[in-house]
Amino acid sequence: MSGPDAVYQYIAQHGEATVADLASLGLSRPALFRVLAALLDQGRIVRVRRGVYQIAQIQDTRDSWVLVMQRYPQGVLCLLSALAFHELTTQSPAVVWLALPKSAWRKPEDYPPLRIVHFSGVAFTAGVETHDRSGGKVRVYSVAKTVADCFKFRNRIGLDVAIEALREGWQQRRFTLDELDIMARICRVQAVMRPYVEALVA
12 MSGPDAVYQY
22 IAQHGEATVA
32 DLASLGLSRP
42 ALFRVLAALL
52 DQGRIVRVRR
62 GVYQIAQIQD
72 TRDSWVLVMQ
82 RYPQGVLCLL
92 SALAFHELTT
102 QSPAVVWLAL
112 PKSAWRKPED
122 YPPLRIVHFS
132 GVAFTAGVET
142 HDRSGGKVRV
152 YSVAKTVADC
162 FKFRNRIGLD
172 VAIEALREGW
182 QQRRFTLDEL
192 DIMARICRVQ
202 AVMRPYVEAL
212 VA
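So for the sequence shown, the working numbering puts the first residue at 12; every next one is plus one.
Here it is, written out as C-alpha cells:
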C-alpha cells in the first residue's frame, strides 16, 4: 500500500490520528508531512486541530454547526451561515460565520474553518434563537436580525447578498416590518436599509 493510501486508511480506521500515531507507519517525518499536505490539498482529510487529522466526509455543513456550538457555547451563527441555516441563500459558505461577544476570544480551530465576528451589547444578544439539531443545539440569529446584520456588514459580504436576503425573507414572510425595523435600529442601519425596504413594499 502506498504512503498516501496507508495514511488515509489509518485515519479512516481510527476516526482521527495524530502525527505521532501516523509515525508508526514507518514513514520518515518529512515524507509523512508531504503525504499529509497532499491529502489535505486533495480534500481527502481535514486538520481538526494542530497535529490531528480526520477523514473529510466525517463532517457536513450542519454537523459543523453543531461542532462549532460545542466548542463555542457563547457563539451564534451569523451572516452567511445564518442565511444558509434559514435557507435564504443557495450558497453553501465554505466557512462557519460565528458571532462572539467582544470580551470572548479563542483562536479558531483548523476545522471547521471559522470566520469570527465580534458583537457587543444588545447587538450580540438580540434575535438569538436556539434550534435542536441532530447531535446538539444550534444558536442562530433570527431572519430579521440576520438581514440587518447583512446590511451592517455589507462591505464584508457584499451589498448584493444583503439585498437578496431582504428580498427572500420578505417574500417568504419570515419577518414583519416591525421586527425588521427593531433589528435595523439595533444594528444602526435604518438609513442604509430604508430605500431597499421602501422599494420592496411599494
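Cβ coordinates follow ideal geometry from the N, Cα and C atoms, glycine included.
Among the options, the one whose alpha carbon lies nearest that of residue i
i: R55; options: S153, L47, G37; result: L47
i: P104; options: D52, N166, A95, G169; result: A95
i: Q182; options: F164, L211, D16; result: L211
i: Q81; options: D52, A49, V149, F44; result: V149
i: R167; options: R144, L177, R126, C198; result: R126
i: R199; options: E175, L177, F164, E209; result: F164
i: E140; options: Q85, D52, P41; result: Q85
i: R226; options: V79, L99, R178, L109; result: In this structure the chain extends from 12 to 213, so residue 226 is not present and cannot be described.
i: L188; options: D171, L170, L43, A213; result: A213
i: E98; options: Y83, R184, F130, D192; result: R184
Beta-carbon contacts of residue i that lie in its chain and below 7 Å, excluding the five residues immediately before and after
i: I22; result: A28, I56, Y64, Q65, I66
i: A134; result: I197, C198
i: I69; result: In this prediction, I69 has a pLDDT of 46, which is less than 50 and means its spatial position is unreliable; what the coordinates show is noted afterwards. Excluding sequence neighbours, I69 sits near nothing in its chain.
i: L33; result: V18, Y21, L43
i: V106; result: P124, L125, R126
Local conformation of residue i per DSSP, three classes
i: Y207; result: helix
i: Y83; result: coil
i: A28; result: strand
i: Q53; result: coil
i: T141; result: strand
i: V200; result: coil
i: Q20; result: helix
i: Q65; result: strand
i: L38; result: coil
i: V106; result: coil
i: P112; result: strand
i: L99; result: coil
i: I193; result: helix
i: F130; result: strand
i: G147; result: strand
i: R167; result: helix
i: R185; result: coil
Rounded Cβ spacing between residue i and residue j (contact assumed at less than 8 Å)
i: D74; j: G146; result: 7 Å
i: F186; j: A173; result: Not a contact, Cβ separation roughly 14 Å.
i: L111; j: Q102; result: The pair is not a contact, with the Cβ atoms about 23 Å apart (cut-off 8 Å).
i: G180; j: V154; result: 5 Å
i: H142; j: V128; result: 20 Å between Cβ atoms; not a contact.
i: V87; j: R144; result: Contact doesn't hold; Cβ gap of about 14 Å is too wide.
i: T100; j: E175; result: 7 Å
i: K156; j: A137; result: 6 Å
i: D160; j: C89; result: 6 Å
Cut-off 6 Å between Cβ atoms - residues of its own chain near residue i, not counting five sequence neighbours on either side
i: Q201; result: A195
i: V30; result: G62
i: P36; result: First, the residue type needs correcting, since residue 36 is Leu and not Pro in the sequence shown. For L36, where only same-chain residues beyond five positions count, the Cβ hits under 6 Å are A17.
i: V158; result: A176, L177, G180
8 Å Cβ shell around residue i - same chain, five flanking residues per side excluded
i: Y19; result: L50, R55, I56, I66
i: S39; result: none
Cutoff 9 Å: residue i Cβ touching any chain B Cβ
i: A110; result: In summary, chain B is missing from the structure at hand, where a single protein chain is found.
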